[in-house]
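Colleague: Input: one structure, supplied below.
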Amino acid sequence: MFYISKILWGLAEPSTLLIALLAAGAVLLFTRFSRTGRWLVATAAVLGVIGGFSPLSTWLILPLEDRFPRADLSGRPIDGIVILGGAEDSRVAAARGAHALNMSAERMTEAAALARRFPDARVVFTGGSIEVLSAPTYEADAARHLLSDLGIDGERVLFDRQARNTAENAHYARRLADPKPGERWLLVTSGWHMPRAMGLFRKAGFELEAWPTDYRTIGPKDAWAPFASPGAGLHRLDFVTKEWIGLLFNWLSGRSDRLLPGP
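Going letter by letter, the sequence shown gives residues 1 to 263 in UniProt numbering.
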């Protein structure tokens, strides 16, 4: 199921569909269906401009990023911290023997700051291999070296190398953490990913408090700001569309109790 979902999404993401429309139209221009070809090329151009320059993807990401505020860290102490993988470029890290982070790097830096702030809290990192066409490398291995170099004692961190998606993150993290009633656990992941993650963790029986990070907007003030480059707009459109499709699938399949989980 994991591999099928990866392949299907690779074919269905907006930027891929735009390229497919453009390529199909270009081919048809040299056939007796040239009129259809012109229509496809024009459609791809219009959709590319809308997706690449307009704030469409910002309108889609704002409800996700603003859904969960950060937990109030006063009061009872924090007993544990769960870090979701996705910030590590484990393939580059393994090949270069160096730390390699992507645009979600704040997942790791915020988690390390929390771990230092709450030295008695247990830490669980969950992230396995997501490669489909290449030899597997593991997010947990890259995270182990990074957290150690950031001053987090490896003895207090439990690493899950099996999870390949968020549903598996929830399953394996709960198994490793074995949370007790009354404990306070924080979930560290991207703000735009927090609703989907929370829905899956709750369904897995693991109640956590949100610590969103890796924000891509400053808030509602960004709602009408265009993108400076089409690549940036289409990149955001790709991953935020995936989030909404994931939310819908999890709700319809019973893996989450709500379409858009909230606090």
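Cβ coordinates follow ideal geometry from the N, Cα and C atoms, glycine included.
Is the CB-CB distance between residue 338 and P14 below 8 Å?
Modeller: A question about residue 338 goes unanswered here, because the residues of the chain that appear run from 1 up to 263.
Colleague: Keeping to the same chain, check which residues put their C-beta closer than 6 Å to that of M198; ignore five residues upstream and five downstream.
Modeller: P261
Colleague: Given that a residue counts as buried once 16 or more other Cβ atoms are within 10 Å of its Cβ, and exposed if not, what is A140?
Modeller: A140 sits buried, since 16 or more C-beta atoms from the chains shown fall within 10 Å of its C-beta.
Colleague: Is the beta carbon of V92 closer than 8 Å to that of A105?
Modeller: no
Colleague: Can you name, in chain order, every residue of its own chain whose Cβ lies under 7 Å from the Cβ of N102, other than the five neighbours on each side?
Modeller: A87, D89, listed in sequence order.
Colleague: Check whether the stretch 150-158 and the stretch 30-44 are in contact - that is, three or more C-beta pairs closer than 8 Å.
Modeller: no
Colleague: Measuring only the C-alpha atoms, how far is P226 from P55?
Modeller: CA-CA distance, P226 to P55, rounds to 5 Å.
Colleague: Is it a yes or a no for the stretch 71-86 touching the stretch 175-192, going by three-plus beta-carbon pairs under 8 Å?
Modeller: Under the 8 Å Cβ criterion, the stretch 71-86 counts as touching the stretch 175-192, having at least three qualifying pairs.
Colleague: Where in the stretch 126-186 do unbroken runs of the beta strand (DSSP E), each at least 3 residues long, occur, reported from the N-terminal end onward?
Modeller: 157-160
Colleague: For the structure I just gave you, are there three or more beta carbon pairs, one from the stretch 165-180 and one from the stretch 109-127, closer than 8 Å?
Modeller: yes
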